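**Q**
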Amino acid sequence: MVRLYSLLLFSLSLLTSSAQEGLFDLLDEGPEPTQYTYATFKGSKLLNGQTNETPGKGVLQYIISHRFGSFTDEYLYNFFGLDNAHIRMQLDYGISDRLNIGIGRSSVLKTSDAFVKYRALRQSTGETAFPFSLTLYSSLNYRGARYTDGIAHNASDRLSYHHQAVLARKMNQNLSLIAAPSIVHWNLVPSPEDPNDTYHLMLGGRYKLTKRIALTGEYAFSSNHLYGTGATEERFYSPLSIGVDIETGGHVFQFHLSNTRAMSDPLWMARNPYNAANGSLFLGFNISRVFNVNQ
Amino acid sequence: MKKILIAALFASSTIASAQQYLTREARLDFDAGSPLEDISAFTQSGSAVYDAGSGKIGVQVLMTSFQFKRALMQEHFNENYVESEKFPKASFKGTYSQGKVKGALTIHGISQELSVPATLVQEEKNLVLSTKFEIVLADYSVKIPKAVANKISKTAVIQVHAILKETSR
Numbered sequence: 000m001v002r003l004y005s006l007l008l009f010s011l012s013l014l015t016s017s018a019q020e021g022l023f024d025l026l027d028e029g030p031e032p033t034q035y036t037y038a039t040f041k042g043s044k045l046l047n048g049q050t051n052e053t054p055g056k057g058v059l060q061y062i063i064s065h066r067f068g069s070f071t072d073e074y075l076y077n078f079f080g081l082d083n084a085h086i087r088m089q090l091d092y093g094i095s096d097r098l099n100i101g102i103g104r105s106s107v108l109k110t111s112d113a114f115v116k117y118r119a120l121r122q123s124t125g126e127t128a129f130p131f132s133l134t135l136y137s138s139l140n141y142r143g144a145r146y147t148d149g150i151a152h153n154a155s156d157r158l159s160y161h162h163q164a165v166l167a168r169k170m171n172q173n174l175s176l177i178a179a180p181s182i183v184h185w186n187l188v189p190s191p192e193d194p195n196d197t198y199h200l201m202l203g204g205r206y207k208l209t210k211r212i213a214l215t216g217e218y219a220f221s222s223n224h225l226y227g228t229g230a231t232e233e234r235f236y237s238p239l240s241i242g243v244d245i246e247t248g249g250h251v252f253q254f255h256l257s258n259t260r261a262m263s264d265p266l267w268m269a270r271n272p273y274n275a276a277n278g279s280l281f282l283g284f285n286i287s288r289v290f291n292v293n294q
Numbered sequence: 070m071k072k073i074l075i076a077a078l079f080a081s082s083t084i085a086s087a088q089q090y091l092t093r094e095a096r097l098d099f100d101a102g103s104p105l106e107d108i109s110a111f112t113q114s115g116s117a118v119y120d121a122g123s124g125k126i127g128v129q130v131l132m133t134s135f136q137f138k139r140a141l142m143q144e145h146f147n148e149n150y151v152e153s154e155k156f157p158k159a160s161f162k163g164t165y166s167q168g169k170v171k172g173a174l175t176i177h178g179i180s181q182e183l184s185v186p187a188t189l190v191q192e193e194k195n196l197v198l199s200t201k202f203e204i205v206l207a208d209y210s211v212k213i214p215k216a217v218a219n220k221i222s223k224t225a226v227i228q229v230h231a232i233l234k235e236t237s238r
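As they're listed, the protein sequences go chains A and B.
Number 159 in my numbering belongs to position 160 of the first sequence; there are no gaps in the numbering.
Number 124 in my numbering belongs to position 55 of the second sequence; there are no gaps in the numbering.
(1) For the beta strand (DSSP E) that contains A159(B), what are its first and last residues?
(2) Leaving out five residues on either side along the sequence, give the residues of the same chain with a beta carbon under 7 Å from the beta carbon of G55(A).
(3) Between the C-alpha atoms of S184(B) and I176(B), what's the straight-line distance to the nearest angstrom?
(4) Checking contacts by CB at 7 Å: is D100(B) closer than that to chain A?
(5) Within 7 Å of any Cβ in chain B, is that where the Cβ of A128(A) sits?
(6) Relative to the C-alpha of V130(B), which residue among I232(B), R93(B) and Y119(B) is closest?
(7) Applying the 10 Å Cβ sphere with the 16-neighbour rule, what's the burial state of N277(A)?
(8) Below 7 Å between beta carbons is the criterion; list the residues of the region 210-222 of chain B that meet it against any residue of chain A, in chain order.
(9) Taking Cβ positions only, does Q49(A) come closer than 7 Å to chain B?
(10) Can we say the region 182-197 of chain A touches the region 225-236 of chain A, given the rule of at least three CB pairs closer than 8 Å?
(11) What three-state label does DSSP hand F146(B) in the structure shown?
(12) Beta-carbon of R96(B) versus every beta-carbon of chain A: anything under 7 Å?
(13) For G42(A) and D244(A), which I take to be in contact (beta-carbon distance under 8 Å), what is that distance rounded to the nearest angstrom?
(14) My output table needs one value for Y273(A): the three-state DSSP class, helix, strand or coil.
(15) How would you call L239(A), buried or exposed, if buried means at least 16 neighbouring beta carbons within 10 angstroms?
(16) Quick check on M170(A): buried or exposed, where buried means 16 or more other Cβ atoms within 10 Å of its Cβ?
(17) Residues of the region 29-50 of chain A in Cβ contact with chain B at a cutoff of 7 Å, in chain order, please.
(18) Sorted by chain position, which residues of the same chain lie with C-beta nearer than 6 Å to I62(A)'s C-beta, five sequence neighbours on each side aside?
(19) Only counting the same chain, and skipping five residues up and downstream in sequence, which positions put a Cβ closer than 8 Å to that of A225(B)?
(20) Would you identify the three-state DSSP class for N153(A), choosing helix, strand or coil?
(21) Under 6 Å Cβ to Cβ from K220(B), same chain only, skipping five residues before and after it: list those, please.
(22) Please confirm whether Q172(A) has its beta-carbon closer than 7 Å to some beta-carbon of chain B.
(23) Could you tell me which of K201(B), D208(B) and H145(B) sits nearest to H230(B), measuring between CA atoms?
(24) Alpha carbons only, please: which of V197(B), I232(B) and S116(B) is nearest the one belonging to M132(B)?
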């Protein structure tokens, strides 16, 4: 009887002690909430290309970009290429945390553009986990430069389009990768044999060196590199860029080296005349600033 | 005798489990703002448990659940300051007695002893936990860059308001 009594007491004490030790385990139980992956990239642009990111709701973003002159073109005379820099300005606004619209103006061929960007799918963990982000991006580009071919052109001849699906994944807190298939459509091409539509695949990524500094890179494959025939023949090269992202509060500074100078999408992606292998490399930067206009 | 003992055993075990209180909808607020910048956030998805028998009390929160007014501030909070990917949760594990909670507060992977006033009052069937206290960010290795040092307070005021419901396991 005594034995039974002590056994029961023992089991009783065991039961109560386990109930107390397990108390804090209760904090970890229950469904794990869905957590959307944040800061896959620092900016809404990687270098020339788009990331999956958009500014948040009610955020006005201004991006100023420069692409300096070539190292091989009287570099010091042109003050390290600054004197013949190309420029693009962009102003965009976050209608919601997922929808972003903007306008831009580039000096190459006096191109104006307008774009819409939508975060269709977001990488997440927890209850509804999803392995990657998908952002859809479309831009409309208008060539403002006069034609020198002596032909009367319609306004529609000046238009070109870029439609892109940006697939991005934050692999870990330092490494993020992008694969972005896209299509460029030209209303006007140099000769009837040239395709109006070209297909592209941009690959890119970033690797964080510190909390606020990251290395970035991007490259885009193209379905067509040759336009026109004979005297009008033009060859285009795949854009390649490497850079550094530096983040300071509301600014993101992106400094880079690439074989591109144009910044409107169809031009840098499908009609880049500079060949990195021939030493056509240019320094450039994008600087973004965000303003909270509507909280 | 045997039957009585077994009955007593069951009774005591049910009493022990009936004394636990739990919520997964605790509200936590924090404010590390300065006159130059409003830096505050809240969450409604904190967890809190209390064992009336032992006085043990625990609160836990996912850092990414804190909502800021500005998306970029929220990103910087998680990415640069509290490093939510490395340290996803903040927790308090300790005891409550006579208007005080005492125990270990863990933020950013660092635990510090904490002893602050708190109230735990019965409201109908629930227990309501309330506390407000200040922590020094440097104690938890939350580093503030010099460039923004005048915008961010060196301390953060934390408020907890949790309605704990009786739970049986």
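Think of the CB as a built atom: it goes at the ideal place given N, C-alpha and C, for glycine as much as any other residue.
Given the structure is predicted, the values throughout are model-derived calculations rather than measurements.
**A** The short version:
(1) Here residue 159(B) is taken as the residue at index 90 of the second sequence, counted from 1. Start and end: K158 to S166.
(2) As a working mapping, residue 55(A) is identified with position 56 in the first sequence. Once the five neighbours on either side are set aside, the close Cβ partners of G55(A) are G93 and D96.
(3) Along the second sequence, one-based indexing puts residue 184(B) at 115. Along the second sequence, one-based indexing puts residue 176(B) at 107. When rounded, the distance between both Cα atoms is 15 Å.
(4) For the purposes of this step, residue 100(B) is identified with residue 31 of the second sequence, where counting begins at 1. So, not an interface residue.
(5) Here the question's residue 128(A) lines up with position 129 in the first sequence. No, because no Cβ of chain B sits closer than 7 Å to the Cβ of A128(A).
(6) Counted from its first residue, the second sequence places residue 130(B) at position 61. Nearest of I232(B), R93(B) and Y119(B) to V130(B), Cα basis: R93(B).
(7) As a first step, residue 277(A) must be located in the first sequence, where it is residue number 278. With fewer than 16 Cβ atoms within 10 Å of its Cβ, N277(A) is classed as exposed.
(8) A216 and V217
(9) One-based indexing of the first sequence puts residue 49(A) at position 50. It does not; no Cβ of chain B falls within 7 Å.
(10) yes
(11) As a first step, residue 146(B) must be located in the second sequence, where it is residue number 77. In the displayed model, F146(B) falls within a helix according to three-state DSSP.
(12) Within the second sequence, residue 96(B) is the residue found at index 27, counting from 1. R96(B) does not count as touching chain A.
(13) Counting from 1 along the first sequence, the entry for residue 42(A) is found at position 43. Counting from 1 along the first sequence, the entry for residue 244(A) is found at position 245. With a Cβ gap of about 7 Å, G42(A) and D244(A) count as contacting.
(14) Residue 273(A) sits at position 274 when you count from the first residue of the first sequence. In the three-state scheme derived from DSSP, where H, G and I count as helix and E and B as strand, Y273(A) is classed as coil.
(15) Taking the first residue of the first sequence as position 1, residue 239(A) is located at position 240. So L239(A) counts as buried.
(16) Residue 170(A) sits at position 171 when you count from the first residue of the first sequence. Classification for M170(A): exposed.
(17) G29, P32, Q34, Y37 and A38
(18) The residue labelled residue 62(A) in the question sits at position 63 within the first sequence. For I62(A), where only same-chain residues beyond five positions count, the Cβ hits under 6 Å are Q89, N285 and S287.
(19) Position 156 of the second sequence, counted from the start, is the residue given in the question as residue 225(B). The residues are F99, D100, A101, E203, I204 and L206.
(20) Along the first sequence, read from residue 1 onward, the residue named residue 153(A) stands at position 154. Reduced to three states, the DSSP call for N153(A) is coil.
(21) Numbered from its first residue, the second sequence carries residue 220(B) at position 151. Close CB contacts of K220(B) within its chain, under the 6 Å cut and outside five residues either way in sequence, are with S103, L105 and E106 (chain order).
(22) Mapped onto the first sequence, residue 172(A) falls at position 173. Yes, Q172(A) lies at the interface with chain B (some Cβ there is under 7 Å from its Cβ).
(23) What you label residue 230(B) is simply residue 161 of the second sequence in a count that begins at 1. Comparing Cα-Cα distances from H230(B) to each of K201(B), D208(B) and H145(B), the minimum goes to K201(B).
(24) Within the second sequence, numbered from 1, the residue matching residue 132(B) stands at position 63. Of all alpha-carbon atoms in V197(B), I232(B) and S116(B), the one lying nearest the alpha-carbon of M132(B) is that of S116(B).
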